[in-house]
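In terms of the UniProt record's numbering, the sequence shown opens at residue 1 and continues consecutively.
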Amino acid sequence: MRNKHTLDELDHAIIAELVADARLSNTELARRVGLTPAPCLRRVQRLERAGVIAGYHAAVSAKAAGRGFEVIVAIDIAVNNSVTIEDFESAVVQVPEVTEVRRMFGQPDYYLRVEVTDGEAYESSVIRTLSQLPAVNRILSHQTMRRLKG
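Right, here's the structure in full:
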């Protein structure tokens, strides 16, 4: 935590409950971790201020949202200088179908998660878009067969 306090068992219990269901009421959260509501709320607020709890998010079904075809894309860029990297990163995060971008140590330079309706949509628009990004040297696509976790 930013204020250098260590997390105790109650903090870990609170985090685990919120990871499982971020919509828990404070009263229910307190009950589940064995606290009364006021101290539970103070702990949650402390975890938020410290940056341990960075936010609350909705988990959206990619399939139900029309993006059930997932491709993991490895990209190598031709030039690894700061300007090229900044240009590539600024452009790739603007591609709507790209839902995750990771800069890697070693090769490939980047892993992308791309979510689209089907293979045709991936091939016809995303590949064309990705190949035009600054300094792209190589694109390697891996279609997800089945997601086991995450």
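From the three backbone atoms N, C-alpha and C, an ideal C-beta is built for every residue, glycine too.
Option nearest residue i by Cα separation, candidates the options
i    : options               : result
I77  : L148, H5, L140        : L140
R147 : G55, R113, I14, G66   : R113
R102 : H57, A74, A20, K149   : A74
E70  : E97, S25, S124, L35   : E97
V93  : L7, Y111, A64, R138   : Y111
G119 : T99, Q107, G150, Q143 : Q143
I53  : A22, M145, R128       : A22
Y56  : E86, L18, R67, A62    : L18
Cβ neighbour criterion (16 or more within 10 Å) applied to residue i
i    : result
D109 : buried
L29  : buried
Y122 : buried
F105 : exposed
V83  : exposed
S33  : The question names Ser, but residue 33 in the sequence shown is Val. By the 10 Å Cβ count, V33 comes out buried.
For residue i, the residue or residues it bridges with in DSSP
i    : result
H142 : I72
Y122 : DSSP lists no partner for Y122.
V114 : V71, V98
R103 : Y110
V136 : I77
Rounded distance between the beta-carbons of residue j and residue i, thought under 8 Å
i    : j    : result
V126 : V116 : 6 Å
A91  : L133 : 5 Å
R43  : D11  : 6 Å
N26  : P37  : 5 Å
V79  : T129 : Incorrect: roughly 20 Å between the Cβ atoms, too far for contact.
In the segment 48–98, which residue ranges form an unbroken alpha helix (DSSP H) of at least 4 residues, counting only runs that do not cross its ends? Within the segment 48–98, the complete alpha helix (DSSP H) runs of at least 4 residues fall at 82–92.
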